[in-house]
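If you're matching positions, the sequence shown starts at 1 in the UniProt record's numbering and goes up one per residue.
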Amino acid sequence: MTDPACSSPLIAPVPVPDPNEIDLEACPSEQFQCRICLEGDGRDFIAPCKCKGTSKYVHRECLDHWRAVKEGFAFSHCTTCKAPYYLRVHGPADRKWRILKFRFFVTRDVLFIFAAVQLIISLLAYLVYLVDRSQNY
1 MTDPACSSPL IAPVPVPDPN EIDLEACPSE QFQCRICLEG DGRDFIAPCK CKGTSKYVHR
61 ECLDHWRAVK EGFAFSHCTT CKAPYYLRVH GPADRKWRIL KFRFFVTRDV LFIFAAVQLI
121 ISLLAYLVYL VDRSQNY
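Written out as structure tokens, the structure reads:
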């Protein structure tokens, strides 16, 4: 007699994979394939939208080129799933140092301009003094 638990329509049978079909030497980076260039070369893949399955991963360079070539809607949204791209720009690790250096250069330039203007005013005052030796004015 058959077991009623096994014939229940609510329990799906678990498929058993064929041992000959399993690739034991494939690593996860080889299983990804860029949906634009169709290469699975192991470079860094990103998943910028809501696509699933084999269309999920792209190379950043391929996506940048795709967005540059396509116009309008394709620049900001995926043409497959119509979801907006989720791209985050990572700033350099030394961002605080760059900001500090930028502020230093701006301060240096402002002080240099201030000193140059003061020098020009002083030279003009001295020139007026030399021209008007009789001090009539």
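Just so it is clear, CB atoms sit at the ideal spot from N, CA and C, and this is done for glycine as well.
Around the beta-carbon of histidine 59, 16 or more other beta-carbon atoms lie within 10 Å, marking it buried. Rounded to the nearest angstrom, the Cβ distance from phenylalanine 75 to tyrosine 57 is 20 Å, too far for a contact under 8 Å.
In the DSSP assignment, glutamate 39 falls outside any alpha helix (DSSP H), carrying neither H nor E. With a beta-carbon spacing of about 7 Å, histidine 77 and alanine 83 fall inside the 8 Å limit used to define contacts. Listed as beta-bridge partners of proline 48 by DSSP are no residues whatsoever.
If you compare the alpha carbons of Gly53, Thr54 and Asp44 with that of glutamate 61, the shortest gap goes to Asp44.
Non-local beta-carbon contacts of cysteine 37 in its own chain, meaning distances under 8 Å to residues more than five positions away in sequence, involve His59 and Cys62 in chain order. If you look at histidine 65, you'll find it in the alpha helix (DSSP H) that goes 60-69.
Going by DSSP, leucine 119 is part of the alpha helix (DSSP H) stretching over 95-131.
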